Every structure is written in C-alpha cells, then in structure tokens.
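Below is one structure, written out as structure tokens, with a few remarks after it.
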Amino acid sequence: MKLLKSLPGRIAIAIAAGIAIGCVAPQWLAGGAATFNGLMGQMLGFMIPLIIVGFVAPAIAEVGRSAGRILAVTAALAYAATFLSGMMSYGIGSLTFPMIVTPSLAADAAAGASTAAEPWFEVSVPALMPVTTALALAFMLGLGCAVTSSPTLRGVLDELRSIVAKVIDRAVIPLLPPYIMCIFLVMTVEGRVATILGTFAGIIGIIFAIHVLILLLQYAVAGAIGRRNPLRMLRTMLPAYLTALGTQSSAATIPVTLERTMRLGVSPSTAGFTVPLCATIHMSGSTLKIVACAMALMMMHGQACPTGQFVHFTAMLGITIIAAPGIPGGAIMASLGLLASILGFDPGMQAMMIALYIAMDSFGTACNVTGDGAIAVIVDKIMSGKS
Numbered sequence: 031m032k033l034l035k036s037l038p039g040r041i042a043i044a045i046a047a048g049i050a051i052g053c054v055a056p057q058w059l060a061g062g063a064a065t066f067n068g069l070m071g072q073m074l075g076f077m078i079p080l081i082i083v084g085f086v087a088p089a090i091a092e093v094g095r096s097a098g099r100i101l102a103v104t105a106a107l108a109y110a111a112t113f114l115s116g117m118m119s120y121g122i123g124s125l126t127f128p129m130i131v132t133p134s135l136a137a138d139a140a141a142g143a144s145t146a147a148e149p150w151f152e153v154s155v156p157a158l159m160p161v162t163t164a165l166a167l168a169f170m171l172g173l174g175c176a177v178t179s180s181p182t183l184r185g186v187l188d189e190l191r192s193i194v195a196k197v198i199d200r201a202v203i204p205l206l207p208p209y210i211m212c213i214f215l216v217m218t219v220e221g222r223v224a225t226i227l228g229t230f231a232g233i234i235g236i237i238f239a240i241h242v243l244i245l246l247l248q249y250a251v252a253g254a255i256g257r258r259n260p261l262r263m264l265r266t267m268l269p270a271y272l273t274a275l276g277t278q279s280s281a282a283t284i285p286v287t288l289e290r291t292m293r294l295g296v297s298p299s300t301a302g303f304t305v306p307l308c309a310t311i312h313m314s315g316s317t318l319k320i321v322a323c324a325m326a327l328m329m330m331h332g333q334a335c336p337t338g339q340f341v342h343f344t345a346m347l348g349i350t351i352i353a354a355p356g357i358p359g360g361a362i363m364a365s366l367g368l369l370a371s372i373l374g375f376d377p378g379m380q381a382m383m384i385a386l387y388i389a390m391d392s393f394g395t396a397c398n399v400t401g402d403g404a405i406a407v408i409v410d411k412i413m414s415g416k417s
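Residue numbers (the working numbering): 31 to 417.
Below, the structure is given as structure tokens:
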C-alpha cells in the first residue's frame with residue numbers, strides 16, 4: 031500500500047491504466063486524452079523558466095554567501111562527480127543503446143498507427159521568457175544576492191522558490207499520473223505502446239547497471255585517496271542507500287548519511303559540512319539517468335546524439351538541477367528547460383522523460399546519497415593535509 035501511494039507507484043498504475051483503457055477507448059476519448067496532454071504540455075512549458083529562476087537563483091545565493099576552502103573543494107568535487115557521471119552514462123549508452131533501440135522507432139510506430147488521436151481543441155500559453163534568458167537571469171540574481179547580501183532580494187528569491195515549489199507539489203506532481211496515463215492511452219490507441227515499452231525495459235536495466243558502476247568507481251577513487259577498502263566503505267554506506275530508496279529524498283536521508291559518513295572515518299566537522307551541502311549539489315545518480323533517458327528517446331525518434339551537444343547539456347544540467355525541490359521528480363522537472371532548449375525535446379518527449387525518470391527515481395536518489403560519502407572522504411583527506 032505504501033508503494034501504491036508513492037509517486038513511482040502511481041505512475042506505474044497510470045501506465046497500466048492508460049494501456050488498459052487505450053485498448054477499448056473510442057476515438058472521442060482518445061481525442062480528450064490528447065487535449066489534456068496538450069494543455070498539460072503548455073502548463074509545463076510555462077513553468078519551465080519559473081522553475082529555473084525559482085530554484086537556481088536562491089541555490090547560487092546560498093552557496094555563494096558561504097566562504098572558505100572547504101566550500102570550494104566540496105563544490106568542485108560534487109560538480110566534477112556529477113558531470114563525469116553524466117558523460118560516463120553517455121559513453122556507455124552510446125555503446126549499448128544501439129543494440130536495443132531501433133533508430134526512428136517512435137516515428138516508425140507512429141507511421142504504422144491505424145488511427146491518430148486528434149485533440150478537441152488547443153490552447154497556447156507562451157512562457158514568460160526563453161530558457162537561456164531564465165538561466166542568465168537566475169545567475170545574475172543569485173550572484174548579485176551573494177555579493178550584496180541584500181536581505182530584500184534574498185527574501186524575494188526565497189519566496190519565489192517557495193511559490194514555485196508549492197505549484198509543483200500541489201499542482202504539477204498530482205497531475206503527472208493522469209498526464210502519463212493519457213500519454214499511454216493515446217499511444218495504445220495509435221498502436222505504438224508495445225514497441226516502445228519493450229524498449230524501455232532494456233533501457234532501465236542498463237541504467238541500473240550504470241549507477242552501480244558509477245558507485246564502484248566513486249568509492250574506488252575515494253578508497254585510493256583515503257587509503258581505505260572501497261567495498262567495505264560501500265557496505266558501511268548501505269543503510270543510507272536503502273533509506274534513500276524508501277524516502278526518495280536526499281534531504282530526508284541526511285541524518286543517516288551523516289552517521290554513516292562518520293563511520294567511514296570522516297571527521298564530524300567535515301561530515302557535518304559536506305553531507306548537507308552535497309545533498310543539494312551532488313546529483314550523479316540523477317544526471318546519469320537524465321542523460322541516458324534523453325539519449326534513448328532521441329535514438330527512438332531517429333535523432334543523432336552528438337558528443338558536443340551532450341557535453342553542453344550535461345555541463346548545464348549539473349548546475350540547473352542543484353537544490354531541486356525535496357519532492358520526488360524534482361530533478362527532472364528542473365531539467366525540462368534544458369531538454370527543450372539544448373536537445374530539442376517537444377512536450378511529448380518531455381512527458382516520456384518524466385515517466386522514465388520517475389520510474390527509477392529511488393535508485394537515482396540512492397546513488398546521489400551514497401556518493402556523498404565518497405566525496406566526504408576525499409574532502410576530509412584534502413582538508414587534513416595528510417599524505
């Protein structure tokens with residue numbers, strides 16, 4: 031029952047319901063589902079710039095106002111781990127996804143569809159600003175607040191973050207299950223769902239293997255630097271991993287992560303600083319999932335996945351998803367703007383990204399949290415100055 035009440039559980043039910051209803055749905059009902067999909071897509075498009083400004087600006091202000099070498103070292107390591115995880119995911123995906131993803135799979139399925147679901151009507155809700163403008167504004171406001179220490183601007187940024195987070199928590203997230211259900215209902219009516227779902231199963235298996243590999247590599251590096259057994263360190267962090275699987279929140283897992291990190295031999299002062307900070311800025315698990323899912327969807331639509339494009343995407347993603355809200359799916363919501371502006375995702379592809387990401391949300395969070403311990407070990411070694 032607890033699983034059914036969680037967002038991944040509701041998404042799974044929505045996918046099953048969409049397929050079941052789509053098998054018997056008349057054309058008018060498919061048109062209604064397509065109409066809802068269009069309205070939801072417009073809502074997400076409107077929210078994307080607000081999400082970027084609302085989350086990124088206050089996060090930069092909070093980090094920028096801190097001082098000290100330990101902040102610089104922790105932030106640099108967290109970003110490097112996040113970026114390298116994304117690029118490793120891209121590299122492995124480039125080698126393995128072509129074995130299970132047929133180029134232009136989605137287009138071929140659409141071409142072979144017997145019927146097309148036409149929406150009843152369409153409503154256009156333009157965004158307030160382009161994504162790149164929102165990113166520039168977020169950096170300007172965040173850095174400006176950090177430099178001036180303006181309490182008024184800080185209060186405005188905090189209020190904006192609170193408002194945007196509540197809209198996501200109270201409106202967007204509750205609407206995601208029916209949105210995903212309607213997406214799969216339309217795909218079923220159009221005869222595309224069986225081919226696409228079969229491909230998704232293989233993609234999810236590869237992504238899980240990537241996240242295990244990344245944790246092994248992170249702790250191999252931390253073990254070499256800290257002169258500790260990496261497998262023993264991973265075993266010590268297992269309770270934090272399992273807690274994150276259940277809570278789906280890095281912030282909610284901080285007490286367990288902190289206690290386990292100190293058991294790795296990290297000093298209390300270093301652990302007390304790095305663990306809470308990494309809970310918001312270290313997103314290796316989230317990034318590897320977003321990159322892999324994005325690659326798979328692009329391949330399914332017959333699109334190329336240029337290395338330069340994904341380097342750009344991953345570099346920006348490591349900044350954009352920092353301090354994502356403490357709700358399931360926060361990272362994917364914050365990344366929608368980059369998916370649209372850099373990779374060219376339309377609302378339908380964004381919806382599929384949301385479904386894929388949330389289906390594995392717990393494992394991404396667990397990877398983020400467990401990796402925090404490896405970063406803390408490296409920071410502690412650097413700050414101690416011991417050889």
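Quick reminder that beta carbons are idealized off the backbone N, C-alpha and C, glycines included. For clarity, every value in this text was computed on a predicted model and none was experimentally measured.
- Three-state secondary structure assigned by DSSP to residue 143: Confidence at residue 143 is low in this model, with a pLDDT of 48, below 50, so its placement is unreliable and the value that follows should be read with caution. Correct three-state label for residue 143: coil.
- Sequence-distant residues of the same chain with beta carbon closer than 7 Å to residue 269, five excluded per side: 286, 290
- Query: Could you give the C-beta distance for residue 411 and residue 253, rounded to a whole number, given that I count them as a contact under 8 Å?
  - Reply: Not really, about 11 Å apart at Cβ, beyond 8 Å.
- My guess is that residue 91 and residue 311 are in contact by the Cβ rule of under 8 Å, so how many angstroms apart are they, rounded? Contact doesn't hold; Cβ gap of about 13 Å is too wide.
- If we call anything under 8 Å between Cβ atoms a contact, is residue 123 one with residue 317? no
- Among 118, 360, 127, which has the Cα closest to the Cα of residue 195? For residue 195, the closest C-alpha among the options 118, 360, 127 is that of 360.
- Query: Three-state secondary structure (DSSP) at residue 351?
  - Reply: Here residue 351 sits in coil by DSSP.
- Taking Cβ to Cβ, would you say residue 350 is nearer than 8 Å to residue 368? yes
- Task: Kindly list the residues whose CB is nearer than 8 Å to the CB of residue 172, restricted to its own chain and excluding five residues on each side of it in sequence; keep chain order.
- Result: A distance below 8 Å between beta-carbons, with the five flanking residues on each side excluded, links residue 172 to the following residues of its chain, in chain order: 86, 87, 88, 89, 90, 91, 94, 187.
- Message: Which residue marks the beginning of the alpha helix (DSSP H) containing residue 169, and which one marks its end?
- Response: 161 to 178
- Skipping 5 residues on each side, what residues in its chain have a beta carbon closer than 8 Å to that of residue 99? Cβ within range, chain order: 413.
- Task: Would you give the residue range spanned by the alpha helix (DSSP H) that residue 361 belongs to?
- Result: 360 to 371
- For residue 64, collect the residues of the same chain with a Cβ closer than 7 Å to its Cβ; drop the 5 residues on either side in sequence, then sort them by chain order. If you ignore the 5 residues before and after residue 64, its C-beta comes within less than 7 Å of the C-beta of 147, 148, 149, 216, all in its own chain and listed in chain order.
- Message: Is the separation between the beta-carbon of residue 41 and that of residue 388 shorter than 8 Å?
- Response: Contact: yes.
- Message: Please report the distance separating the alpha-carbon of residue 232 from that of residue 178.
- Response: 50 Å
- Item | Collapsed DSSP secondary structure at residue 150 in the structure displayed | It is coil, neither helix nor strand.
- Apply the 10 Å Cβ neighbour rule to residue 336 and answer buried if 16 or more other Cβ atoms are within range, or exposed otherwise. exposed
- Which one of 298, 118, 78, 53 has the shortest CA to CA distance from residue 159? 78
- Message: If you measure between the beta carbons of residue 236 and residue 385, is that distance less than 8 Å?
- Response: no
- Would you call the CB atoms of residue 274 and residue 113 closer than 8 Å? no
- Message: Measuring CB atoms only, is the segment 399 to 410 touching the segment 302 to 311, in the sense that at least three cross pairs come out at less than 8 Å?
- Response: With the cut-off at 8 Å, the segment 399 to 410 and the segment 302 to 311 touch.
- Query: My guess is that residue 52 and residue 219 are in contact by the Cβ rule of under 8 Å, so how many angstroms apart are they, rounded?
  - Reply: Yes, residue 52 and residue 219 are in contact; Cβ-Cβ is about 5 Å, under 8 Å.
- Query: Measuring CB to CB, does residue 183 end up less than 8 Å from residue 175?
  - Reply: yes
- Message: Let me check understanding here. Comparing Cα to Cα, which of 119, 128, 294 lies closest to residue 329?
- Response: 128
- Query: In whole angstroms, what is the alpha-carbon distance linking residue 382 and residue 325?
  - Reply: So the two alpha carbons sit approximately 12 Å from each other.
- Close-in-space but distant-in-sequence residues of the same chain around residue 238 (CB under 8 Å, 5 per side omitted): 390, 393
- Item | residue 84 beta carbon less than 8 Å from that of residue 191 | yes
- Item | Reduced DSSP secondary structure (H/G/I, E/B, other) of residue 117 | helix
- Query: Helix, strand or coil for residue 398 per DSSP?
  - Reply: helix
- Alpha-carbon spacing of residue 377 relative to residue 81, whole angstroms: 16 Å
- Among residues of its own chain, excluding the 5 on either side of residue 409, which ones have a beta-carbon nearer than 7 Å to its beta-carbon? 100, 103, 104, 107, 300, 304
- Alpha carbon to alpha carbon, what distance is there between residue 262 and residue 164? 44 Å
- Task: Express the C-alpha separation of residue 241 and residue 293 in angstroms, rounding to a whole number.
- Result: 23 Å
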